[in-house]
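Working notes, beginning with the structure itself.
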Amino acid sequence: MRQHLTSREWLCEQHIKTLGEISLALGEKDPYTQAHGHRVALYAMRLARQLGFSPDKIRNVGIGGLFHDVGKLALSDRIFTNRETHLSTDLQQEVRCHPLIGAALLKHIDFLEPVVDFVLFHHEREDGNGYPFGLKAGEIPPGAKVVSIADCFDAVTTDRPYQKGQSIASAYEILREGCRHYFCEAYVEIFIEDIQENGIIQDTGPDLLLADELVRSAAGYYAM
Ligand SMILES: [Fe+2]
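Take the sequence shown: its position 161, counting from 1, is numbered 161 in this note's numbering, and each next residue is one higher.
Following this line, the structure appears as structure tokens:
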């Protein structure tokens, strides 16, 4: 243990290293998911700031965005090598487990406890037809709604192995259409205003500094 660290700080630092390794492992399996996580973190923090979330909550939403798909690490390689637009039913079922797996990975790290729900509920829908629990609008934590909108926008506007990214105008349309079933309408409009004002995130590579800063600042805060 390093001399200047308390045992709690040391423990938090070890958890940071573990998360970094998990994230790198996922990046090797699926480079898209890793870069996507970094962009989702940035978009989610921008929306959280516009919504007036506290600085702690903005940071937690950012970490939720960063690790929202970390549970995909446990999915079979067939999912990552799939080049079809639609997955078979059995693979779809497998994909639907990733929020549960991600939350299970994070939940034993006590300083990340406020982040777990953002990972666990990022595929819930306003109409109650999401997964894994089918929560309805009022039951879904605001931070999870933020991550969900950021996730959709980035997924639509960037190239994936099986589909080309769409225009920003199409992404606005998809988000607005999605308000009927998926997303919180008020959040979507604020998100779109922010994109119109501040633009999209151009960097498509993993921002390792962002990841490090986010998780370290959470560790520092909770170690106190
Ligand atoms: Fe996901």
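Ideal Cβ placement from N, Cα and C applies to all residues, glycine included. Being a predicted model, the structure only gives us computed values, none of them experimental.
Using C-beta distances below 6 Å, list every residue in its chain close to residue i, excluding the 5 sequence neighbours before and after it, in chain order.
| i | result |
| --- | --- |
| G165 | T157, T158 and D159 |
| G27 | Q34 |
Judging by CA-CA distance, which residue of the options is the nearest neighbour of residue i?
| i | options | result |
| --- | --- | --- |
| A218 | H36, Y32, L42 and I63 | I63 |
| D110 | F133, L5 and E9 | E9 |
Within the same chain, show all residues whose beta-carbon is closer than 7 Å to that of residue i, passing over the 5 residues directly before and after it, in chain order.
| i | result |
| --- | --- |
| V95 | L75, I79 and L87 |
| Y172 | I192 |
| H98 | D69, G71, K72 and L75 |
Buried or exposed for residue i, going by 16 or more other Cβ atoms inside 10 Å?
| i | result |
| --- | --- |
| Q202 | exposed |
| K72 | buried |
| K17 | exposed |
| G226 | Shown here, the chain extends from 1 to 224; a query on residue 226 therefore has no answer. |
| G37 | buried |
| H108 | exposed |
Under 8 Å between the Cβ atoms of residue i and residue j?
| i | j | result |
| --- | --- | --- |
| A41 | L175 | no |
| A155 | D117 | no |
| H68 | E126 | no |
| R59 | L214 | yes |
| F183 | Y43 | no |
Tell me which residues share the same chain as residue i and place their Cβ nearer than 8 Å to its Cβ, disregarding the 5 neighbours each side in the sequence.
| i | result |
| --- | --- |
| N198 | R46 |
Report yes or no: do the region 181-188 and the region 143-157 share at least 3 C-beta pairs separated by less than 8 Å?
-> yes
Is the region 164-180 in contact with the region 129-140, if contact means three or more CB pairs nearer than 8 Å?
-> no
Is the region 44-52 in contact with the region 101-117, if contact means three or more CB pairs nearer than 8 Å?
-> no
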